[in-house]
């Protein structure tokens, strides 16, 4: 929306759980309808629209809806609380040509935490591989290293990043 950043809900696992609860999961196709749901500061759904899987949203109309919802809020908005984020020194170890490493990188990118989560490629950097073996006991990647804790499964990594780096 023209550089406006706002939290989005990921419906990755279990697949379609949130969309199903909102009636927009198309189980026969294994995809979610292209739907927009606007929720006010109190957590109440104030607007929904479906444009079909291949439809396009009218951004001007969505901005107008957001402004209408904002104007109708009866009091001061709750104070913004940032997600806790990752501790300094967290590192994501990846391998070239690894689908699971790619998924971990997508989570990093989708959460906009590129500047706070360093990436070390064990396929290209022998020192990174040695460090991963020292910390975790094996060269398996992807691996999220936070202090002395190591996570190896891409779904666990994505879930942890979403929990600590987003508003969900």
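Residue numbers (UniProt numbering): 1 to 168.
Virtual Cβ for every residue (Gly too), placed ideally from N, Cα, C.
Give the DSSP-derived three-state secondary structure of residue i in the structure shown.
i           : result
residue 3   : Because residue 3 carries a pLDDT of 47, less than 50, the predicted location of this residue cannot be relied on, and no value is offered for it.
residue 166 : coil
residue 25  : strand
residue 90  : coil
residue 18  : helix
residue 74  : coil
residue 53  : coil
residue 66  : helix
residue 58  : coil
residue 11  : coil
residue 156 : helix
Tell me, to the nearest whole angstrom, how far the beta carbon of residue i is from that of residue j; I am working on the premise that it is less than 8 Å.
i           : j           : result
residue 104 : residue 154 : 5 Å
residue 45  : residue 35  : 11 Å between Cβ atoms; not a contact.
residue 69  : residue 110 : Not really, about 25 Å apart at Cβ, beyond 8 Å.
residue 124 : residue 96  : 7 Å
residue 166 : residue 141 : No, residue 166 and residue 141 are not in contact; Cβ-Cβ is about 23 Å, not under 8 Å.
Tell me which same chain residues have a C-beta within less than 8 Å of the C-beta of residue i, skipping the five on either side of it?
i           : result
residue 26  : 32, 33 and 53
residue 87  : 146 and 147
residue 57  : 34, 36, 49 and 51
residue 164 : 83, 84, 85 and 86
Enumerate in chain order the residues of its own chain whose CB-to-CB distance from residue i is below 6 Å, with the five nearest sequence positions on each side excluded.
i           : result
residue 144 : 92, 151 and 157
residue 20  : none
residue 118 : 91
residue 116 : 86
Could you check where the beta strand (DSSP E) with residue i kicks off and where it finishes?
i          : result
residue 47 : 45-50
Over what stretch of residues does the alpha helix (DSSP H) that includes residue i continue unbroken?
i           : result
residue 84  : Careful: residue 84 lies outside any alpha helix (DSSP H) and carries neither H nor E.
residue 35  : Looking at the DSSP string, residue 35 is not in any alpha helix (DSSP H); the run it does join, the beta strand (DSSP E), is 35-39.
residue 111 : Looking at the DSSP string, residue 111 is not in any alpha helix (DSSP H), and its letter there is neither H nor E.
residue 137 : Per DSSP, residue 137 belongs to no alpha helix (DSSP H) and is neither H nor E.
In the DSSP assignment, what residue or residues form a beta bridge with residue i?
i           : result
residue 120 : 93
residue 146 : 149
residue 31  : 26
Given residue i, which residues of its chain have a CB within under 7 Å of its CB, disregarding the five upstream and five downstream residues?
i           : result
residue 65  : 38 and 47
residue 129 : 122 and 139
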